[in-house]
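At position 76 of the sequence shown (counting the first as 1) the number is 76 in the numbering used here, and the numbers step up by one without a gap.
Here a beta-carbon is modelled for each residue, glycine too, at the ideal position from N, C-alpha and C.
First up is the structure itself, then whatever we jot down about it.
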Amino acid sequence: MCILLERLVSSASNSPPPGQERHSDTCGFPGFRVASFIDHVFHVLDIVELESSLVRDRLDCVLQCLEDQRCFSTNLAAKPDITGNYVCELLPTDKYNASDSFKPSPHFHHYSVKLIDRAMQKALDTDRAGTETKLFV
């Protein structure tokens with residue numbers, strides 16, 4: 001899943017930890033951020049989350065992650081609760097940096113942020129005129 005999102009939140013408190021870079025890019029769109037997410041179905045990164053919330057779907061969860069510079073991955077409940085919402089956990093690292101905590105789980109799916117691929121970068125370079133929020137899924 002690749003997402004291009006207008007930046008909704010910008011504050012120093014949402015900066016990544018010193019020495020860590022966020023795996024996303026503005027790709028020349030001021031105020032925009034791009035990221036690809038790798039799906040790890042029925043897996044969980046079992047660490048202390050930055051925050052946990054209820055969301056309508058996977059897209060809402062990864063959008064929350066993109067809004068927070070500290071977020072490098074998410075855990076999303078595999079099934080909704082009785083109200084139809086899913087638990088979304090924003091995480092301060094990913095499975096590559098905390099591999100001992102990455103486990104199979106019948107209850108969660110894990111989504112890790114990765115670098116944008118070259119094909120997506122080329123497509124974005126060709127169309128920089130848009131001013132509305134754009135979303136590629």
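Which of the three DSSP states, helix, strand or coil, is assigned to residue i?
i: valine 87; result: strand
i: valine 62; result: helix
i: glutamate 51; result: strand
i: aspartate 159; result: Nothing about residue 159 can be read from this structure; the chain reaches only from 1 to 137.
i: serine 112; result: strand
Report the residue from the options whose alpha carbon sits nearest the alpha carbon of residue i.
i: alanine 78; options: Leu50, Asp57, Ala35; result: Asp57
i: asparagine 97; options: Leu45, Leu90, Ser53, Leu54; result: Leu45
i: threonine 83; options: Gln64, Leu66, Val55, Glu67; result: Val55
Between the C-alpha atoms of residue i and residue j, what's the straight-line distance to the nearest angstrom?
i: histidine 110; j: lysine 103; result: 10 angstroms
i: serine 105; j: phenylalanine 42; result: 5 angstroms
i: phenylalanine 108; j: serine 36; result: 19 angstroms
i: isoleucine 47; j: serine 73; result: 11 angstroms
i: glutamate 51; j: asparagine 75; result: 11 angstroms
i: lysine 114; j: glutamate 49; result: 19 angstroms
i: leucine 59; j: tyrosine 86; result: 11 angstroms
i: leucine 90; j: leucine 66; result: 10 angstroms
i: proline 92; j: isoleucine 38; result: 16 angstroms
i: proline 80; j: histidine 40; result: 18 angstroms
Would you check if the distance between the CB atom of residue i and the CB atom of residue j is smaller than 8 angstroms?
i: aspartate 94; j: serine 112; result: yes
i: cysteine 71; j: cysteine 88; result: no
i: glutamine 64; j: serine 53; result: yes
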